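The sequence shown begins at 31 in the working numbering and counts up one residue at a time.
Using N, Cα and C, we set each Cβ at its ideal position, and we do this for glycine too.
This structure is a prediction, so every number in the text was calculated from the model and none was measured.
Structure first, then comments.
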Amino acid sequence: MLMNIYDVSKKAGVSIATVSRVINGNTNVSEKTKEKVLSVIKEIGYTPNVFARGLGLNTMKTIGIMCTDSSDLYLANAVYYLERELRANDYDSILCCTGTDLETKKKYLELLLSKRVDAIILVGSKFVESNDNDNSYIKEAAKKVPIMLVNGHVDGENIYTTLCNDEDAIYSVTDTLIKSGITDIVYLYTSNSHSGLNKLSGFRKAHFMHNLLLRPEYTKLCNKDYRRAKEYLTELYEKKVPFNAVVTSDDYLAVGALKFAYEFGLNVPGDLSIVGYNNSILAECTEPALTSIDSRVESLCITTVKTLMGIFNGSDVPNKTYITANIIKRNTTSF
Numbered sequence: 031m032l033m034n035i036y037d038v039s040k041k042a043g044v045s046i047a048t049v050s051r052v053i054n055g056n057t058n059v060s061e062k063t064k065e066k067v068l069s070v071i072k073e074i075g076y077t078p079n080v081f082a083r084g085l086g087l088n089t090m091k092t093i094g095i096m097c098t099d100s101s102d103l104y105l106a107n108a109v110y111y112l113e114r115e116l117r118a119n120d121y122d123s124i125l126c127c128t129g130t131d132l133e134t135k136k137k138y139l140e141l142l143l144s145k146r147v148d149a150i151i152l153v154g155s156k157f158v159e160s161n162d163n164d165n166s167y168i169k170e171a172a173k174k175v176p177i178m179l180v181n182g183h184v185d186g187e188n189i190y191t192t193l194c195n196d197e198d199a200i201y202s203v204t205d206t207l208i209k210s211g212i213t214d215i216v217y218l219y220t221s222n223s224h225s226g227l228n229k230l231s232g233f234r235k236a237h238f239m240h241n242l243l244l245r246p247e248y249t250k251l252c253n254k255d256y257r258r259a260k261e262y263l264t265e266l267y268e269k270k271v272p273f274n275a276v277v278t279s280d281d282y283l284a285v286g287a288l289k290f291a292y293e294f295g296l297n298v299p300g301d302l303s304i305v306g307y308n309n310s311i312l313a314e315c316t317e318p319a320l321t322s323i324d325s326r327v328e329s330l331c332i333t334t335v336k337t338l339m340g341i342f343n344g345s346d347v348p349n350k351t352y353i354t355a356n357i358i359k360r361n362t363t364s365f
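Below, the structure written as structure tokens:
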């Protein structure tokens with residue numbers, strides 16, 4: 031039976047990071063712990079591989095990357111930044127575009143493991159299932175290689191996450207709108223993923239903190255399609271449901287809000303304030319240019335690769351790192 035670093039960690043009663051530090055000769059380990067780990071390694075016949083970069087033992091110098099949709103602007107940018115940072119650290123990458131079907135995700139994860147990659151990076155929160163039992167395939171893979179999640183979180187040994195604080199970002203912009211006197215706010219979002227639910231929570235929290243009743247029709251789950259956003263806002267407008275702002279979880283939906291405003295002759299931001307999310311190229315290409323929340327995808331990816339290199343080198347690294355979003359003020363808001 032092939033033994034792995036997880037087995038060493040379990041038998042020695044220490045973390046995987048500690049085993050990695052021992053293998054790589056890191057001095058930040060007590061002599062007693064070092065002897066215990068080395069004894070277990072000898073006992074079970076474990077041969078270091080992916081964690082032994084510092085020793086030059088049997089590493090493929092290749093990282094697997096998984097994303098659900100490479101045509102998505104956010105995910106495409108993330109993949110670009112990840113590959114750039116990996117190349118800068120002399121690592122190649124293998125990209126798998128999985129779609130959202132759980133069985134397909136599992137299949138591609140197994141495929142990457144069979145290629146003997148040194149680690150796997152999961153891009154985006156759609157790899158995190160709402161039923162934690164469905165995340166067991168990620169936890170099992172983490173027994174073999176480090177698993178890095180970009181803007182998603184799964185609790186488990188040898189799983190590391192880098193997150194944008196989406197809840198705070200949506201809370202902040204909604205809070206700012208309310209303080210400026212804009213209280214009838216529609217929130218359009220694209221998914222019930224880990225990130226999607228955090229954003230929705232931030233929107234609701236802002237209303238709670240201001241003691242404002244949140245009407246059910248003021249939150250709507252849409253496809254990532256500007257046409258659906260435009261259609262829903264049109265429905266509200268024709269039903270005479272009052273709203274004077276639209277906050278969205280993605281710039282795609284904010285574009286739909288702008289198209290709605292144009293069709294009905296509404297002044298932006300005089301009659302309707304609009305806020306997007308991700309600060310994509312779409313935000314700069316619209317007229318007027320969109321105020322958008324910059325989720326700092328480049329920083330997320332740089333931090334993810336930096337953390338991964340720290341793991342390979344046996345350094346102390348956090349299991350979870352937060353990146354703070356920025357509000358990029360343009361011409362669709364007047365706060």
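Cβ-based neighbour list, residue i, same chain, cut-off 6 Å, excluding 5 preceding and 5 following
i: residue 320; result: 284, 306, 313, 360 and 362
i: residue 353; result: 194, 326, 329 and 330
i: residue 81; result: Per-residue confidence for residue 81 stands at a pLDDT of 46, beneath the threshold of 50, marking its modelled position as unreliable; the derived number appears in the next sentence. So the qualifying residues of the chain are 35, 50 and 53.
i: residue 64; result: 52
i: residue 103; result: 310
Cβ-based burial, residue i [other Cβ within 10 Å; buried from 16]
i: residue 105; result: buried
i: residue 364; result: exposed
i: residue 118; result: exposed
i: residue 300; result: exposed
i: residue 85; result: With a pLDDT of 39 at residue 85, under the threshold of 50, the modelled position of this residue cannot be trusted; read the value that follows with caution. Exposed is the call here.
i: residue 110; result: exposed
i: residue 113; result: buried
i: residue 241; result: exposed
Whole-number beta carbon distance between residue j and residue i, since they are thought to touch under 8 Å
i: residue 181; j: residue 155; result: 5 Å
i: residue 275; j: residue 212; result: 5 Å
i: residue 239; j: residue 198; result: About 12 Å separates the two Cβ atoms, so there is no contact after all.
i: residue 216; j: residue 175; result: 43 Å between Cβ atoms; not a contact.
i: residue 373; j: residue 310; result: Residue 373 falls outside the range modelled here, since the chain spans only 31 to 365, and no answer is possible.
i: residue 158; j: residue 223; result: 7 Å
i: residue 42; j: residue 66; result: 5 Å
i: residue 196; j: residue 225; result: 5 Å
i: residue 262; j: residue 218; result: 7 Å
Beta-carbon proximity list for residue i, same chain, < 7 Å, skipping 5 on both sides
i: residue 234; result: 244
i: residue 166; result: none
i: residue 247; result: 266 and 271
i: residue 59; result: 48, 51 and 52
i: residue 264; result: 290
i: residue 71; result: 38
Nearest candidate by alpha-carbon position, reference residue i, set the options
i: residue 214; options: 311, 270, 125 and 189; result: 270
i: residue 343; options: 49, 70, 211 and 262; result: 49
i: residue 286; options: 308, 302 and 257; result: 257
i: residue 149; options: 171, 131 and 162; result: 171
i: residue 280; options: 58, 293, 250 and 302; result: 250
i: residue 135; options: 59, 109 and 168; result: 168
i: residue 324; options: 339, 202 and 184; result: 202
i: residue 179; options: 91, 108, 103 and 273; result: 108
Contacting residues, own chain, Cβ-Cβ under 8 Å from residue i (five flanking each side not counted)
i: residue 253; result: 220
i: residue 138; result: 96, 126 and 128
i: residue 133; result: none
i: residue 116; result: 93, 122, 123 and 335
i: residue 47; result: 341, 344, 346 and 347
i: residue 349; result: 189, 190 and 191
i: residue 260; result: 286, 287, 289, 290 and 293
i: residue 210; result: 364 and 365
Cβ-Cβ distance between residue i and residue j below 9 Å
i: residue 190; j: residue 347; result: yes
i: residue 37; j: residue 74; result: yes
i: residue 288; j: residue 298; result: yes
i: residue 207; j: residue 303; result: yes
i: residue 187; j: residue 69; result: no
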